[in-house]
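Q: Below are the structure tokens for one structure; questions will follow.
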Amino acid sequence: MVSITLTAMEIAVRKLFAIMPFLFGIGFIAPLTAQIMASFSLAAPLGMSNIVFGLIFGGTWGLIATMRGRWL
Amino acid sequence: MSDPVDRTIDRSNRAHPGDAQEAFDIPVTDAPAIPLNGSDELDQHTRVDLLKQERGIAKQYHGGPMWMYPAAAFGGIALWVSFFPLTMFFGFPLAVAFVISCVLATGGYVTSHEAMHSNIARKGDKLRWLNEWTGKVSTIPIVFPFSMARMMHLEHHYHVNDPDKDSDYTDEAPNWWMAIYKTWYNRQPGVDGSIHHYKRILAEMGTPEADKALKDTLKLQLLFMAVLFTMAWTGFAIEAALLWWLPRHIGLSYIRFYLSWAPHHPREGKTGRYDCANIFKSRLGHVMSMGMQTHLIHHLYPGIPNHKTKDAYFALKPVLEKRGVDCSAL
Numbered sequence: 001m002v003s004i005t006l007t008a009m010e011i012a013v014r015k016l017f018a019i020m021p022f023l024f025g026i027g028f029i030a031p032l033t034a035q036i037m038a039s040f041s042l043a044a045p046l047g048m049s050n051i052v053f054g055l056i057f058g059g060t061w062g063l064i065a066t067m068r069g070r071w072l
Numbered sequence: 073m074s075d076p077v078d079r080t081i082d083r084s085n086r087a088h089p090g091d092a093q094e095a096f097d098i099p100v101t102d103a104p105a106i107p108l109n110g111s112d113e114l115d116q117h118t119r120v121d122l123l124k125q126e127r128g129i130a131k132q133y134h135g136g137p138m139w140m141y142p143a144a145a146f147g148g149i150a151l152w153v154s155f156f157p158l159t160m161f162f163g164f165p166l167a168v169a170f171v172i173s174c175v176l177a178t179g180g181y182v183t184s185h186e187a188m189h190s191n192i193a194r195k196g197d198k199l200r201w202l203n204e205w206t207g208k209v210s211t212i213p214i215v216f217p218f219s220m221a222r223m224m225h226l227e228h229h230y231h232v233n234d235p236d237k238d239s240d241y242t243d244e245a246p247n248w249w250m251a252i253y254k255t256w257y258n259r260q261p262g263v264d265g266s267i268h269h270y271k272r273i274l275a276e277m278g279t280p281e282a283d284k285a286l287k288d289t290l291k292l293q294l295l296f297m298a299v300l301f302t303m304a305w306t307g308f309a310i311e312a313a314l315l316w317w318l319p320r321h322i323g324l325s326y327i328r329f330y331l332s333w334a335p336h337h338p339r340e341g342k343t344g345r346y347d348c349a350n351i352f353k354s355r356l357g358h359v360m361s362m363g364m365q366t367h368l369i370h371h372l373y374p375g376i377p378n379h380k381t382k383d384a385y386f387a388l389k390p391v392l393e394k395r396g397v398d399c400s401a402l
């Protein structure tokens, strides 16, 4: 076993990638969900806006993927 | 902060060639370092003579015009980039752009692959820059930097089917439908497969080249995410999904299936010179399987370009049959 010294930037990037599924959930899946709903004229439940629904859906899915290490 | 890395795997012993020169550097003797397989009935002189014949034929399929690979790579990337403004602002049909983007993402690996083996121009050649840039631009749609792609692909060649050293061994699966599933499974964030597996190997290698490849990977992945997020939050999420995100996944799965699983299955124990890859009949044909039906030729002579592999196989077939290679499929 050997040790590799990591720079502050590398540590920051590693931390970022560790939570990337969550970031992907709110950064991409959320607006994608909202725009797909809008293009099919689908309304979000409980009077929510499409983007709020997308954030809840994408954020939750991304959080689960971050914790489980699997999207499905 | 330090990160403990297991660097116990010795990758210095290369059992197979990675480029055109290495394929001919192996001495024309019955050296035990190169398993010459085939029938035990073949005596040493016959085997050496067969290897000489094999090389004589293989040499005829090296070289020749290679301009079509850079042309396809640069033309492809230009077309793919143009789809972003065309679909976002000029009403170009997104469905058409999506289908073509899938083809470009998948086919880009073929042009990059020639550059990985320095088949467009070798180190020191005047057109070396063209080789490098062909490789670099080709794999942008699949978010796979050329530096990492080349290192990992050569590791696959050097240690083909070695469960500990072959960088592509994680693609192995018992049947075709499990292989397709695994192309997706290996990309999951917590699974040590595909690019995650490559990152681990590069960290283990710890060389300056490996370090650069890791940094290139992080940069390209961050760029990919930045583009997706920016497009998504400015109202173009569906365009981002259909031009880059989904074509990348489809392309990677297709590549993993046809360029890794199909030509090597089953991998276990097949580490010899003549049994490390298959000669097989693809249901999708020669072009759609990206020339992989005769993948053994590529492992024997990586300097033979993709478009000549099939012809080289038919020329080499009599020699390969004497070696005990199963050529019944083609």
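Read top to bottom, the protein sequences are chains D and R.
Taking our numbering, the leading residue of the first sequence gets 1, the next gets one more, and so forth.
Taking our numbering, the leading residue of the second sequence gets 73, the next gets one more, and so forth.
Yeah, the Cβ is synthetic: ideal placement off N, Cα and C, and Gly gets one too.
Pick from LEU274(R), SER210(R), ARG259(R), LYS291(R): whose alpha carbon is nearest that of LYS411(R)?
A: No answer is possible for residue 411(R): the residues shown for chain R start at 73 and end at 402.
Q: So if I threshold CB-CB distances at 8 Å, which residues from the region 55 to 71 of chain D count as touching chain R?
A: Under the 8 Å Cβ criterion, the region 55 to 71 of chain D contributes ALA65, THR66, ARG68, GLY69, ARG70, TRP71.
Q: List the residues that DSSP assigns as beta-bridge partners of THR366(R).
A: Paired residues: ILE351(R).
Q: Quick check on VAL171(R): buried or exposed, where buried means 16 or more other Cβ atoms within 10 Å of its Cβ?
A: VAL171(R) should be labelled exposed.
Q: Mind the definition here: the region 181 to 190 of chain R touches the region 251 to 265 of chain R only if three or more C-beta pairs lie below 8 Å; say whether that holds.
A: Output reads no: the region 251 to 265 of chain R does not touch the region 181 to 190 of chain R.
Q: Under 8 Å Cβ-Cβ, which residues of chain D neighbour TRP249(R)?
A: Chain D residues near TRP249(R): none, gap ~16 Å exceeds 8 Å.
Q: Is the beta carbon of VAL232(R) sitting closer than 8 Å to the one on HIS88(R)?
A: Contact flag set, yes.
Q: Do you know whose CA, among GLY375(R), VAL359(R), PRO335(R), TRP305(R), lies nearest ASN247(R)'s CA?
A: Taking only the C-alpha atoms, the option nearest ASN247(R) is PRO335(R).
Q: 8 Å is my cut-off, CB to CB: does ALA169(R) come that close to chain D?
A: Not one chain D Cβ lies under 8 Å of ALA169(R).
Q: What is the DSSP secondary structure of ILE56(D), counted as helix, strand or coil?
A: Three-state result, ILE56(D): helix.
Q: Quick one: Cα of SER239(R) to Cα of THR33(D), how far?
A: Each residue's Cα considered, the two are about 36 Å apart.
Q: Provide the residue span of the alpha helix (DSSP H) that contains ASN203(R), from first to last.
A: 200 to 210 is the extent of the alpha helix (DSSP H) around ASN203(R).
Q: Please say whether PRO217(R) and LEU292(R) have beta carbons closer to each other than 8 Å?
A: Cβ distance < 8 Å, so LEU292(R) and PRO217(R) count as in contact.
Q: What does SER41(D) touch in chain R if you count any residue whose Cβ is under 7 Å from its own?
A: Here the premise fails: no neighbours, minimum Cβ distance about 14 Å.
Q: So SER173(R) and LEU295(R) are in contact, right, with Cβ under 8 Å, and what is the actual spacing, rounded?
A: Contact flag wrong, Cβ pair sits at about 17 Å.
Q: Whose CA, out of ALA92(R), PHE96(R), ASP97(R), LEU122(R), lies closest to the CA of VAL391(R)?
A: Ranking ALA92(R), PHE96(R), ASP97(R), LEU122(R) by Cα distance to VAL391(R) puts LEU122(R) first.
Q: For ASP398(R), count neighbouring C-beta atoms within 10 Å of its own C-beta (all shown protein chains included) and say buried if the count is 16 or more, exposed if not.
A: So ASP398(R) ends up on the exposed side.
Q: Does TRP71(D) come out as helix, strand or coil in the three-state DSSP assignment?
A: Here TRP71(D) sits in coil by DSSP.
Q: Suppose the cutoff is 8 Å on Cβ atoms and the five residues either side in sequence are ignored; what does the same chain contact list for PHE308(R) look like?
A: Around PHE308(R): MET160.
Q: Can you give me, in chain order, the residues of the region 154 to 179 of chain R that have a beta carbon less than 8 Å from any beta carbon in chain D?
A: From the region 154 to 179 of chain R, no residue has a Cβ closer than 8 Å to chain D.
Q: Go ahead and pull the three-state DSSP assignment for GLY180(R).
A: Of the three classes helix, strand and coil, the one that applies to GLY180(R) here is helix, per DSSP.
Q: Looking at the structure shown, is HIS117(R) part of a helix, part of a strand, or coil, going by DSSP?
A: Three-state result, HIS117(R): helix.
Q: Please classify VAL215(R) as buried or exposed, where buried requires at least 16 other C-beta atoms within 10 Å of its C-beta.
A: With 16 or more Cβ atoms within 10 Å of its Cβ, VAL215(R) is classed as buried.
Q: Along the chain, where does the alpha helix (DSSP H) that runs through GLU10(D) open and close?
A: Residues 8 to 18.
Q: Can you tell me whether MET9(D) is buried or exposed? The criterion is at least 16 other CB atoms within 10 Å of its CB, across all chains shown.
A: So MET9(D) counts as exposed.
Q: Taking a contact to mean a Cβ-Cβ separation below 8 Å, would you say GLU281(R) touches MET223(R) in this structure?
A: Yes, they are a contact pair.
Q: Indicate whether ASP91(R) and PRO374(R) have their beta-carbon atoms separated by less than 8 Å.
A: Taking 8 Å as the Cβ cut-off, ASP91(R) and PRO374(R) qualify as a contacting pair.
Q: Compute the Euclidean distance between the alpha carbons of PHE156(R) and PHE28(D), then round it to the nearest angstrom.
A: When rounded, the distance between both Cα atoms is 17 Å.
Q: So for THR381(R), helix, strand or coil by DSSP?
A: Helix.
Q: Can you tell me whether HIS229(R) is buried or exposed, with buried defined as 16 or more other CB within 10 angstroms of its CB?
A: Buried.
Q: List the residues of chain D whose Cβ lies closer than 7 Å to the Cβ of ALA313(R), in chain order.
A: Correct list: LEU32.
Q: Could you list which residues in chain R have their beta carbon closer than 8 Å to that of GLY27(D), in chain order?
A: In chain order: MET297, LEU300, PHE301, ALA304, TRP305.
Q: Quick one: list the residues of chain R neighbouring PRO21(D), beta-carbon separation under 7 Å, in chain order.
A: Result: PRO261.
Q: Take the Cβ of TRP317(R) as the centre, count every other Cβ of all protein chains shown within 10 Å, and call the residue buried at 16 or more, exposed below.
A: Flag for TRP317(R) reads buried.
Q: Who are the neighbours of VAL13(D) on chain R, taking C-beta pairs under 8 Å?
A: Per Cβ cutoff of 8 Å: LEU290, LEU294.
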